[in-house]
Structure formats: structure tokens, C-alpha cells
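Comments concern the structure below.
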Amino acid sequence: MKISTKCVKLEMNTSTISLAQKILENRFSCQCCGACCTEYEPGSNRVMVSPEEIHRIMEGSGLSFEEIAEPYPERIQESGRDYTFGWVIRQKGNHCMFLSESRCTIYQNRPWICRTYPFMLDNDDLIVHPCSGLNRADSIEDPKDIALNLLKRQEFEHADEDRIRNIFATKTIPAGKPVVIDGEGIKEYHG
């Protein structure tokens, strides 16, 4: 399953080139240190994932949905209903379950947030998270690839948010049992 199946083909246009230039100015080169996958304060390394991303990880890892993901921990409880929006990758101790000796064991199937770290788009603004791979003289990452991935990620996340909004607006959230509302529907969980 491809994550980008619903994404239109993005081309290098003026705004993409401008974004790539901003990324280039940060001279990023991943140091494979695993710091982004390790919790330094509660929730600091939480990786939000969509069902589509979880299915892709399942295909690559052989693990089940439940072995990979757990409900996003911040829940809403109102009128007997208990729900949250989305999933996060499970943790092993204080790090992502897929981190092994500072390496990602699902690198080829990693979620969008991991593909684009330490960069993020907030509307049209580039957000840069602290990372030891920034401001490196040995920058080897292609800023055009990062820019295109950021735009694909943004498009993917907007489409997923629209699906969740639609489900939330049109479906009845059951009372008395905790559920996750994601882009596929409303799913009961035990926890």
C-alpha cells in the first residue's frame, strides 16, 4: 500500500523551490543518532500515524495493527463518550519501538513525520525542530526531496483530517466504550 496514493504529483514550482532554499539554509544531514526517536520529556517523541501508514508498516514488518499502534493518549470524555483522534506508534521504554541501536528498523516504511523530521510545515511556514543534524558543513540531504516530501505530507495530513472531520460530523460516537476516530472510521479499543 502506498502512502501517497491520493496525493497529486507535486512538481518543482516557485513555492517548492523557495521551500527547498529555506531547508538548504539549515544545512541538514541526519546523524543517525536516534535522538528524535527517544523521549527527552513526556510525549516529546510521540509519532502520530494514520491507519494507512500503520498498514504500510504492517506489510513491511509482519506485525499486527495492535502491535504497532496505540490510541493517541489525550482522550475526550463527555456525555458518557470516551474518544480520541488517531494513533501513535508504541514505545519501548523511552524510545520508539522501531529504534534499534540508533537505527530505524522500518526505515523504508517509516511514517511521514519521520521522513520529514526535523522539518514541518505550519500552513506555508517552515518549522525547524532542534536537531544535531542541523547546521552541518557535511550536509548531504537533498533539500528538494525534503521540500517535496513536506508538501506531500501536508497534503496527506489535510486529506486525513478531512476524512476524520467527516466521520466525526456524520457518525454517532458510542457511549460507554473508548473509541478512536481515525480516517477509516470509529474503532473500539480496550485500554
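Just so we're aligned, residue 48 is where the sequence shown starts under the working numbering, counting upward by one. Backbone N, C-alpha and C fix where the C-beta goes; we use that ideal spot for every residue, glycine too.
- Secondary-structure assignment with DSSP links Leu-197 through no beta bridge to anything.
- From the listed residues Glu-235, Glu-231, His-237, the smallest Cα separation to Ile-101 is found for Glu-231.
- Between the stretch 109 to 116 and the stretch 163 to 175 there are fewer than three inter-stretch CB-CB distances shorter than 8 Å, so the stretches are not counted as touching.
- Cys-143 is bridged by DSSP to Gln-138.
- Boundaries for Ala-184: no alpha helix (DSSP H) harbours it, and the DSSP string shows neither H nor E there.
- Going by C-alpha positions, Glu-117 is about 21 Å away from Gln-155.
- For Arg-157, no beta strand (DSSP E) encloses it, and the DSSP letter there is neither H nor E.
- Rounded to the nearest angstrom, the gap between the Cα atoms of Gly-127 and Gly-223 is 6 Å.
- Here Ile-70 is actually not in contact with Ile-187; their C-beta atoms are around 13 Å apart, not less than 8 Å.
- In this structure, the straight-line span from the alpha carbon of Ala-82 to that of Asn-182 is close to 16 Å.
- If you draw a straight line from the Cα of Tyr-119 to the Cα of Glu-204, it is about 16 Å long.
- Between the stretch 89 to 97 and the stretch 130 to 138, the count of C-beta pairs closer than 8 Å reaches three or more; the two stretches touch.
- If you ignore the 5 residues before and after Trp-134, its C-beta comes within less than 8 Å of the C-beta of Met-95, Val-96, Ser-97, Pro-98, Ile-101, Ala-116, Glu-117, Pro-118, Tyr-119, Val-227, Asp-229, all in its own chain and listed in chain order.
- Straight through space, the alpha carbons of Asp-209 and Thr-131 are spaced by roughly 16 Å.
- Between Ser-147 and Cys-80, the C-beta spacing is not below 8 Å.
- When only Cα atoms are considered, Gln-201 and Thr-219 end up about 28 Å apart.
- Between Ile-64 and Ser-108, the gap from beta carbon to beta carbon reaches 8 Å or more.
- In chain order, Pro-190, Lys-191, Ala-194 place their CB closer than 6 Å to the CB of Ala-67, counting only its own chain and leaving out the 5 sequence neighbours on each side.
- Just measuring C-alpha positions, the residue of Gln-78, Met-105, Leu-197 sitting nearest Ser-149 is Gln-78.
- Nearest to Glu-72 by alpha-carbon distance, out of Ala-184, Asp-207, Asn-213, Ile-233, is Ala-184.
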